[in-house]
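Visitor: Right, I'll just put the structure down here and ask away after.
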Amino acid sequence: YYHAHGIDYSRLSEKYKPIEKSYGKSQILEKDYHDPNQIAIIIQEMVEEVAMRLRNHHVDTSVIHLSCGYSRYSTKNGFSHQKKIMSTSSSKELVPYFLELFWKYQENNAVRSVAVSCAGIKRKTSMQLSVFEDYTKTLQQEQLERTIDKIRERYGFKALMHANSLVAGATGLKRATLVGGHKG
1 YYHAHGIDYS RLSEKYKPIE KSYGKSQILE KDYHDPNQIA IIIQEMVEEV
51 AMRLRNHHVD TSVIHLSCGY SRYSTKNGFS HQKKIMSTSS SKELVPYFLE
101 LFWKYQENNA VRSVAVSCAG IKRKTSMQLS VFEDYTKTLQ QEQLERTIDK
151 IRERYGFKAL MHANSLVAGA TGLKRATLVG GHKG
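Residue numbers (UniProt numbering): 1 to 184.
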């Protein structure tokens, strides 16, 4: 009633900080990629960047989404699928989920664009442990990822990369030098 009649009791001194609903990354590749293994490397690099953002904002994701657009010369447009997962922000856990989606739905068509996103965002308040996993290894993995994040924040993303980011077709090393996807 009040808002409809132009009355707003919001305090202007309180700064509004919206909670992000999803975190993602996409890229249009500079050429058509015919080798699915090269696309898998690109997906891994992108997921690691998104996971780093999740950890920096102290949130977990419970829904992942992968989209691959095929070349204009392909008879199909591509695919776009999502999957509900256990809440996490761990690169070690997220990468296999995304690669599982990729290998399940890719059809050996030339890929021209890739997008990864994480939704179902929740504040990280505690860690969910499984009966079947060793909690000390889980804590060590989380500490390792936080350490990697700190190094990458200080020295740049290419300070610590997987060796497969150096193979032909990988884009992570080149993209690390770009600002907003463009030459800086």
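The beta-carbon is built from N, C-alpha and C at its ideal position, and this holds for glycine as well.
Could you name the residues of the same chain whose beta carbon sits closer than 8 Å to that of Q106, not counting the 5 residues immediately before and after it, in chain order?
Guide: Translated into the one-based positions of the sequence shown, residue 106 becomes position 106. Closer than 8 Å at the Cβ level, and outside the excluded window around Q106, lie P36, I39, C68 and F79.
Visitor: For R146, which residues from the same chain have a beta carbon less than 7 Å from its beta carbon, with the 5 sequence-adjacent residues on both sides left out?
Guide: Stepping through the sequence shown from its first residue, residue 146 is reached at position 146. Counting only Cβ-Cβ distances below 7 Å, and skipping sequence neighbours, we find R55.
Visitor: Do L99 and Q141 have their beta-carbon atoms positioned less than 9 Å apart in this structure?
Guide: Numbered from its first residue, the sequence shown carries residue 141 at position 141. Numbered from its first residue, the sequence shown carries residue 99 at position 99. Contact: no.
Visitor: From A170, M52 and R112, pick the residue whose C-alpha is nearest to that of K31; which is it?
Guide: Taking the first residue of the sequence shown as 1, we reach residue 31 at position 31. The shortest C-alpha separation from K31 is found at R112.
Visitor: Reducing DSSP to helix, strand and coil, say where S26 ends up.
Guide: Here the question's residue 26 lines up with position 26 in the sequence shown. Note: S26 maps to strand in three-state DSSP.
Visitor: By the three-class DSSP mapping on this structure, what secondary structure does D32 have?
Guide: The residue given as residue 32 occupies position 32 in the sequence shown. In the displayed model, D32 falls within a strand according to three-state DSSP.
Visitor: What are the start and end residues of the alpha helix (DSSP H) that includes I148?
Guide: The count along the sequence shown starts at 1 and reaches residue 148 at position 148. Element bounds for I148: Y135 to Y155.
Visitor: Rounded to whole angstroms, what is the Cα-Cα separation between K124 and Y2?
Guide: Against the sequence shown, residue 124 aligns to sequence position 124. Against the sequence shown, residue 2 aligns to sequence position 2. If I take the Cα positions, the gap works out to 35 Å.
Visitor: If you draw a straight line from the alpha carbon of A168 to that of K15, how long is it in whole angstroms?
Guide: For the purposes of this step, residue 168 is identified with residue 168 of the sequence shown, where counting begins at 1. For the purposes of this step, residue 15 is identified with residue 15 of the sequence shown, where counting begins at 1. Looking at the two C-alpha atoms, the distance is approximately 47 Å.
Visitor: H162 to I148, Cα distance in whole Å?
Guide: Taking the sequence shown and counting its residues from 1, one reaches residue 162 at position 162. Taking the sequence shown and counting its residues from 1, one reaches residue 148 at position 148. In this model, H162 and I148 are separated by some 12 Å (Cα to Cα).
Visitor: Ends of the alpha helix (DSSP H) at S104?
Guide: As a working note, residue 104 is residue 104 in the sequence shown. Looking at the sequence shown, residue 104 is not Ser but Lys. K104 -> alpha helix (DSSP H) spans S91 to Y105.
Visitor: By Cβ distance below 6 Å, which residues in the same chain neighbour H65 in space, the five residues on each side in sequence not counted?
Guide: Stepping through the sequence shown from its first residue, residue 65 is reached at position 65. Q82 and S117, listed in sequence order.
Visitor: Give every residue of the same chain whose Cβ lies closer than 6 Å to the Cβ of I41, excluding the five residues on either side of it in the sequence, and list them in chain order.
Guide: Position 41 of the sequence shown, counted from the first residue, corresponds to residue 41. Hits under 6 Å: N164 and A170.
Visitor: Can N109 and K76 be called in contact, C-beta distance under 9 Å?
Guide: Walking along the sequence shown from the start, residue 109 turns up at place 109. Walking along the sequence shown from the start, residue 76 turns up at place 76. Cβ atoms of N109 and K76: closer than 9 Å.
Visitor: Alpha carbon to alpha carbon, how far is G156 from S10?
Guide: As a first step, residue 156 must be located in the sequence shown, where it is residue number 156. As a first step, residue 10 must be located in the sequence shown, where it is residue number 10. Roughly 40 Å separates the two Cα atoms.
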